[in-house]
Each structure stands twice: as C-alpha cells, then as structure tokens.
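Note that the numbering used here has the sequence shown beginning at 15, numbered continuously upward.
All C-beta atoms in this analysis are idealised placements derived from N, C-alpha and C, irrespective of residue type, glycine included.
Values in this document were obtained by computation on a predicted structure and should not be read as measured data.
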Amino acid sequence: SPTNPKKLRIVVAVGGNALQRRGERLTIENQLKAAAEMAPTLAKLTSQHEVVLTHGNGPQVGELALERSAATFDVLGAESMGQIGYVLAQAMSCVGVTTVPILTQVVVDPYSEAFKDPSKFVGPVYGAMEAQALGESLGWTMKPDGEYFRRVVPSPPPLEILQIEAIRTLLEHSSSGEGDDTKRVLPIACGGGGIPVSRIPARPTTLQGVEAVIDKDACGAKLATELNADAYLILTDGGGIWENFGKPNAREMAAATPEYLVAKGAGKGFPGSMGPKIQAAIDFVEGSVENGQENSWAAIGDLKDIEKILSNDEGTVIKMDVGEGGGCKGKGVVWRTGKKGPVTPTKQPHKYG
C-alpha cells in the first residue's frame with residue numbers, strides 16, 4: 015500500500031521532458047539545471063527506499079536525429095542514454111548519491127505489428143509544409159501532434175531486458191549495508207526505453223540493432239515487474255489521471271483498479287501522453303499479481319509531489335483493490351475531493367476519454 019512507511023523497492027520513471035524546462039533550449043547546461051532541481055527529491059527517496067531510476071529521451075533523441083540523419087535509432091538511443099545518464103549522475107553526485115548509469119539493451123520482435131504503424135513521437139514540432147518536405151527528403155514518417163506535425167518511429171513492446179541481472183545485483187549489493195546509506199547506489203537503467211535490439215534467429219546469442227524507440231513507460235513496467243518491485247512511479251509534469259480535464263466538472267482519480275481503467279478506456283483519447291503511462295501502470299500491477307506480488311501498486315503524478323504520492327495525497331494510485339479510502343468512492347475508483355483542475359489547459363492534458 016502507498017501509505018506503508020516500510021522500505022520499498024521502487025522503480026521511478028521520469029520523462030525526457032523533465033530535463034527540458036518549458037520555453038528553454040535543449041542544451042546540456044539547461045538539462046544540468048533541471049536535473050539539479052529534481053536531485054534533492056530523488057536523493058531523499060533513495061535514502062528511504064531501494065530505487066532504480068529510468069527516464070525518457072524523446073527531446074534528446076529527436077535532437078540527435080536532426081544532427082545525424084544517417085544514424086540509426088539504436089545508436090541514437092545509446093547516445094541519448096549516455097548523455098542523460100551523465101546529466102543525472104552529475105546532479106545526483108552533488109547531493110551525495112552515487113549513481114550507476116547502465117547502457118541497457120532491450121530485445122524486441124523485429125516483426126512486431128508496431129513496425130507497420132509507427133507511433134512514437136520524437137524530436138521537435140513542424141508546420142504542415144515543413145513536415146511534408148522533411149518526410150519526402152529524409153524518408154521520415156510524419157503524423158499530426160495537436161496542431162503541428164512530428165516525426166514518428168516504430169515503438170515495439172519490450173520483450174527482454176538483457177542487463178536485468180546486473181541491475182538486480184547492484185540493488186542487492188547496495189541494500190546489504192543495512193542502515194548505512196553511504197553504501198547505497200542508484201542504478202539508472204532502461205533510459206529512453208532501452209537500446210532496441212533483436213536476436214538473429216539462426217544464432218540467438220547474436221544481437222543486432224533495430225530502428226525503433228521503445229516506450230520508456232512500457233519498459234519501466236517490465237523493469238519493475240522483473241525486479242519484483244513494490245511500486246512503480248511514473249512522474250509527469252501534469253499530475254494524476256483526470257476525468258474531463260480542462261472543464262468545470264474536472265475531477266482527479268485518487269486511486270483506481272486496472273479493471274476500472276480498462277473498462278473506461280482511460281488514456282485512449284491521448285495515446286501520445288497519458289495513454290502509454292496508464293497502460294504501463296496496468297501492465298505492472300497485473301504482471302506483479304502473476305508473480306505473486308499482489309500488493310504491488312503503480313502511481314502517476316507530478317515529479318515535485320513524490321512524498322505525497324507515496325502517502326496517496328497526490329497523483330493517482332493504480333492497484334488491484336482500492337479498498338476504503340478518503341474521497342468519493344465508486345466501483346473500482348476513488349475520486350479526490352476538494353481539488354479542481356485548471357479550466358483552460360495550458361499544455362496537452364493528461365486525461366482520458
């Protein structure tokens with residue numbers, strides 16, 4: 015339960031946009047500033063729990079693709095993972111946390127249906143004419159993202175995390191020094207969804223890169239499930255899951271079951287933002303139950319509210335049984351009371367329906 019004060023094993027996912035503050039250019043200096051702002055919050059969490067950090071890479075990998083249009087996305091993914099891992103490591107070292115960024119390879123199926131319909135947005139937005147010109151000159155697939163257009167690439171589901179045993183070993187070694195937080199390390203893994211690779215059928219031990227970008231929330235869910243994590247936190251800059259976001263009757267879910275979210279089609283209206291996050295949370299909770307971890311839970315909420323998410327005072331918790339709790343309770347959902355969302359959204363809303 016998110017209100018339990020015992021030490022938990024937690025996988026924390028932050029978006030690539032967390033390192034790019036609104037209105038600022040995507041420079042290393044600006045990313046270091048943004049990382050420094052989130053570092054104390056992550057450091058406090060690391061001092062109290064076993065934590066593995068994963069992150070998105072959408073802005074960074076898109077920028078790299080613009081600079082090097084001939085490079086493949088497995089290589090660009092690895093480069094962005096190194097870049098962001100360095101930025102996070104530097105910020106965390108300033109608050110006394112030793113980090114271990116891991117270049118993580120993730121096996122995908124090269125014949126996945128995802129390659130027939132690219133869906134993962136990468137890079138900046140373009141006007142209609144510029145998007146058409148780029149599509150024709152560079153062979154990019156472009157799709158509308160709001161009123162603009164962005165490049166999309168295939169996003170196959172993650173099947174196997176190749177460095178999972180290394181990550182598990184780091185966690186277990188780190189937590190073996192009971193009561194000595196100076197020995198605790200923070201693994202950073204599966205950044206940007208991991209480096210997409212596939213196994214050559216004739217030689218399964220031989221790997222080759224795949225031209226794709228894996229969804230980091232989906233990969234984070236698999237990482238959390240395989241580590242038998244107690245919790246999976248998906249941190250955003252837009253809070254939890256809202257119904258009727260941007261309208262006078264908007265309300266936020268305090269807690270919901272996977273069954274309720276699936277029945278309501280939560281997130282389906284916004285596959286580019288909240289949809290994958292909700293699906294990843296559902297996958298983790300249901301996958302944990304299959305592993306015998308019936309009390310594991312996921313949460314979606316704002317980066318700055320980590321402590322309040324753990325106590326279920328902010329964000330949305332997804333778990334198999336929402337039980338009795340505060341707020342207005344319905345079948346499979348608890349609505350947060352006394353909190354109103356903005357009437358006019360200032361950015362693409364995190365919502366469903």
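Distance between residue j and residue i (C-alpha atoms, nearest Å)
i, j, result
"Glu6", "Ala232", "The requested residue 6 is not part of the displayed model; the chain covers only 15 to 367."
"Asp244", "Lys21", "9 Å"
"Ala84", "Pro201", "31 Å"
"Gln10", "Leu176", "Because the chain here runs from 15 to 367, residue 10 falls outside it and cannot be looked at."
"Gly141", "Gly206", "26 Å"
"Trp256", "Ala264", "7 Å"
"Pro285", "Thr113", "Per-residue confidence for Pro285 stands at a pLDDT of 49, beneath the threshold of 50, marking its modelled position as unreliable; the derived number appears in the next sentence. Looking at the two C-alpha atoms, the distance is approximately 32 Å."
"Ala180", "Gly76", "29 Å"
"Thr239", "Ala57", "23 Å"
"Phe87", "Val136", "11 Å"
"Gly29", "Pro215", "34 Å"
"Ala295", "Arg23", "16 Å"
"Val348", "Leu102", "35 Å"
Beta strand (DSSP E) segment containing residue i, residue limits
i, result
"Asp131", "First-last for Asp131: undefined, no H or E at that position."
"Ile332", "Thr330 to Ile332"
"Lys230", "Segment Lys230 to Glu240 is the alpha helix (DSSP H) holding Lys230; no beta strand (DSSP E) there."
"Asp159", "Thr155 to Asp159"
"Gly149", "Careful: Gly149 lies outside any beta strand (DSSP E), inside the alpha helix (DSSP H) at Ala142 to Leu152."
"Leu200", "Val199 to Ile202"
"Ser435", "Only positions 15 to 367 of the chain appear in the structure, and residue 435 is not among them; the question remains open."
"Arg217", "Arg217 to Gly223"
"Thr351", "Neither: Thr351 is in no beta strand (DSSP E) and is coded neither H nor E."
"Ala27", "Arg23 to Val28"
"Leu247", "Ala245 to Thr250"
"Asp111", "The sequence given here places Val at residue 111; Asp does not occur at that position. From DSSP, Val111 is part of no beta strand (DSSP E); its letter is neither H nor E."
"Val227", "Element bounds for Val227: n/a, residue is neither H nor E."
"Gln119", "Gln119 to Val121"
Exposed unless 16 or more other CB atoms sit within 10 angstroms - verdict on residue i
i, result
"Glu64", "buried"
"Thr60", "buried"
"Glu266", "buried"
"Gln74", "buried"
"Ile314", "buried"
"Arg198", "buried"
"Asn71", "buried"
"Asn326", "buried"
"Tyr125", "exposed"
"Gln146", "exposed"
"Asp379", "The structure shown does not extend to residue 379, since the chain is modelled only from 15 through 367, so no value can be given for it."
"Leu368", "Outside the shown range of the chain (15 to 367) lies residue 368, about which nothing can therefore be said."
"Arg217", "exposed"
"His187", "exposed"
"Thr250", "buried"
"Arg350", "buried"
"Arg82", "exposed"
"Ala49", "buried"
"Arg39", "exposed"
"Ser368", "The shown model of the chain, from 15 to 367, leaves out residue 368, and the question about it has no answer."
"Glu328", "buried"
N- and C-terminal bounds of the alpha helix (DSSP H) containing residue i
i, result
"Ala50", "Ile42 to Gln62"
"Ala168", "One detail in the question is off: residue 168 reads as Pro in this sequence, not Ala. Looking at the DSSP string, Pro168 is not in any alpha helix (DSSP H), and its letter there is neither H nor E."
"Ser94", "Phe87 to Ser107"
"Gly72", "Gly72 to Glu81"
Worksheet entry | Inter-stretch contact (C-beta, 8 Å, three-pair minimum) for the segment 167 to 174 and the segment 223 to 232 | With a cut-off of 8 Å on Cβ pairs, the segment 167 to 174 is in contact with the segment 223 to 232, counting three or more such pairs.
Worksheet item: For the 8 Å Cβ check, are there 3 or more pairs between the segment 95 to 106 and the segment 263 to 277?
Response: At 8 Å Cβ cutoff, the stretches do not touch.
Worksheet entry | Unbroken stretches of the beta strand (DSSP E), 3 residues or longer, contained in the segment 252 to 321 | Look at the segment 252 to 321 and you find these whole runs of beta strand (DSSP E), each 3 residues long or longer: 265 to 270 and 311 to 316.
Worksheet item: Do the segment 211 to 222 and the segment 155 to 164 meet, that is, are 3 or more Cβ pairs less than 8 Å apart?
Response: No, the segment 211 to 222 is not in contact with the segment 155 to 164.
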